[in-house]
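What follows is a short report on a single structure.
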Amino acid sequence: MNNVVKHVQLNRALLLGAGAVLITGCASLQGGSQPEPVAEIQPGYLQGYLSETELPNSLALLPSAPVKGSAAFQLDQSIAQEKLAVRGTPRWMLAAQDADLSFPNAAGTFSCAVGAPISQEQTPHLYQLLRRTLTDAGLATYSAKNHYNRARPFMMNNEPTCSPQDEAELRHDGSYPSGHTSIGWSWALVLAELAPERADEILARGLAFGESRNVCNVHWHSDVVQGRIVATATVARLHADADFQSDMAAAKAELAFVKAQSLPPVRDCAAESAALAH
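To convert, note that position 18 of the sequence shown is 37 in my numbering; the numbers rise steadily by one, no gaps.
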């Protein structure tokens, strides 16, 4: 979860919103409706919905990280070796794009799967919802990450990654479980609820988003699998939060509105589909 570590500095001070500034969303297409202002915990990253004590405890939820010599680690190594063959292909390039959790790039990740634009200008409530859940889903991985401090694949196989600019930070950020996967699968679960008629496409894209971490040579297979568990626990907890429920209702109405206008996704869906089919 290199971008979250690099830009957010995941720690208790940020959970409390130290040094926060306020931002507001742009007017939506629905009569100027705007999301309520939310504090930034770091430039570009919003305060999540959950407090530190409300976050799922990934260390308690997950099995121990696979150790060298185990069958699970042998499977991890086998899949990591297999994914090296994808280097330089369109799938590799998509994985590099998936690695970038900054907005507005990340907002477009599920645009093709949803079949509609997702942007600050056209869907400001949904845009902010994705930004806030990113923080919750990412932070929820850290009790296990910090405990196991697992070395990443590129540190062991000495092969390139799809995000070389992040490798220095990744070396000091535990691999198990995958923070990117937790974030991407959380988004998939949320969006599948908002647009149930596109649930299959959305969940498939969520699975591929996690798999991108294997393609990038920055996470083991088991990191990705367990990242989805953390995501599921996070989204379940979010549904007990009144602010999250309110924002989901606003995002659902907003998404229905832009879909009714037949507005196109913000990404090249033919190129994405071809990359995912590689």
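The C-beta atom is built at its ideal place from N, Cα and C for all residues, glycine as well.
Between Pro75 and Val277, the gap from beta carbon to beta carbon reaches 8 Å or more.
Annotation note: the segment 88 to 130 contains the following uninterrupted alpha helix (DSSP H) runs of length 4 or greater, listed N- to C-terminal: 90 to 102, 109 to 118. The beta carbon of Arg217 is closer than 7 Å to those of Ala132, Val133, Gly134 in its chain, skipping five residues each way along the sequence. Assigned with DSSP and collapsed to three states, Gln139 falls in coil, not helix or strand. With a 10 Å radius around the Cβ and a threshold of 16 neighbouring Cβ atoms, Val209 comes out buried.
Residue pairing for Gln61: DSSP places it in a beta bridge opposite Tyr64. Here Val249 is buried: its Cβ has 16 or more other Cβ atoms, across all protein chains shown, within 10 Å. Inter-segment contact for the segment 140 to 152 and the segment 191 to 199 is absent: fewer than three beta-carbon pairs are separated by less than 8 Å. Taking every protein chain shown into account, the CB of Pro172 has 16 or more other CB atoms within 10 angstroms, so this residue is buried. Nearest to Ile60 by alpha-carbon distance, out of Ser70, Gln53, Pro54, is Ser70. In this structure Leu81 does not touch Ala159 by the C-beta definition: roughly 11 Å separates them, more than the 8 Å allowed. Shown here, Ser231 sits in a helix according to DSSP, grouped into three states. Less than 8 Å separates the beta-carbon of Lys102 from that of Asn236. When secondary structure is reduced to three states using DSSP, Gly134 falls in the coil class, being assigned neither helix nor strand. Sixteen is the threshold: when 16 or more other Cβ atoms of the shown chains lie within 10 Å of the Cβ of Glu291, as they do, the residue is buried. Excluding sequence positions up to five before and after Phe92, its CB lies within less than 7 Å of the CB of Pro85, Val86, all in the same chain and listed in chain order. With contacts defined by Cβ atoms closer than 8 Å, Thr200 and Val234 do not form a contacting pair. Taking C-beta atoms as the reference points, Asp117 and Phe263 fail to come closer than 8 Å. Around the beta-carbon of Glu55, fewer than 16 other beta-carbon atoms lie within 10 Å, marking it exposed. Pro123 has its alpha-carbon roughly 15 Å from the corresponding atom of Asp287. Counting the other CB atoms within 10 Å of its CB gives Ala289 a total below 16, which places it among the exposed residues.
In the structure shown, Pro284 falls within a coil segment according to DSSP collapsed to helix, strand and coil.
For Leu210, the enclosing alpha helix (DSSP H) covers residues 198 to 213.
Out of Leu222, Ala90, Ser77, the CA that lies nearest to the CA of His166 is found in Ser77. Under the three-state reduction of DSSP, His297 is assigned to coil, being neither helix nor strand. Contact between His144 and Glu230 is ruled out by a C-beta separation of about 29 Å, above the 8 Å threshold.
Spanning the alpha carbons of Tyr68 and Leu257 requires a straight line of approximately 7 Å. Our two residues, Ser89 and Ala99, have alpha carbons roughly 15 Å apart in a direct line.
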